[in-house]
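> Residue numbers (the working numbering): 3 to 121. Next up is a structure, given as structure tokens.
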């Protein structure tokens, strides 16, 4: 559908240049989606493989005997690991793809600040 050009119905709302830019952006995001999905699958396998190791580390270094301590530290550890492993994809998407098409409003500082707020 994208190869057919600007639909007649949109010709009064969007210029050909805007339409072409949007199509290019969508194709770039779609192409990167394949890489992102493969990376996500690989990191998911890595995380599942690391679960027993992380659990053992948490258990061995327990600072408390409370029943909820190990599960909470384990969950926090996995969340931190997931965040760290997912950042390369998010950074590339934000600072390379969106920047290429002029959609990026982030600076490095505001990106980090947002990530820390969401964590």
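For every residue, glycine included, the Cβ atom is placed at its ideal position computed from N, Cα and C.
Can you tell me the Cα-Cα spacing of residue 118 and residue 14, whole angstroms?
In the chain shown, residue 118 corresponds to position 116, counting from 1. In the chain shown, residue 14 corresponds to position 12, counting from 1. Taking the straight line joining both Cα atoms gives about 43 Å.
> Where does the unbroken alpha helix (DSSP H) through residue 38 begin, and where does it stop?
Start at 1 with the first residue of the chain shown, and residue 38 comes out as number 36. Looking at the DSSP string, the run of the alpha helix (DSSP H) that includes residue 38 is 18 to 62.
> Can you tell me whether DSSP reads residue 116 as helix, strand or coil?
In the chain shown, residue 116 corresponds to position 114, counting from 1. Helix, per DSSP.
> By alpha-carbon positions, which one of 90, 88, 106, 53 ends up nearest to residue 79?
Numbered from its first residue, the chain shown carries residue 79 at position 77. It is 53 whose Cα lies nearest to the Cα of residue 79.
> Does the count of Cβ pairs from the region 51 to 65 and the region 19 to 34 closer than 8 Å reach three?
With the cut-off at 8 Å, the region 51 to 65 and the region 19 to 34 do not touch.
> I'd like to check one pair, residue 121 with residue 108: are the Cβ atoms closer than 9 Å?
Position 106 of the chain shown holds residue 108. Position 119 of the chain shown holds residue 121. Result no, Cβ atoms of residue 108 and residue 121 do not sit closer than 9 Å.
> For residue 83, which option in 50, 110, 20 has the closest C-alpha, if you only look at C-alpha atoms?
In the chain shown, counting from the first residue as 1, residue 83 sits at position 81. Of the candidates 50, 110, 20, the one whose C-alpha sits nearest the C-alpha of residue 83 is 50.
> Quick check on residue 109: does DSSP put it in helix, strand or coil?
By one-based count along the chain shown, residue 109 stands at place 107. It is coil, neither helix nor strand.
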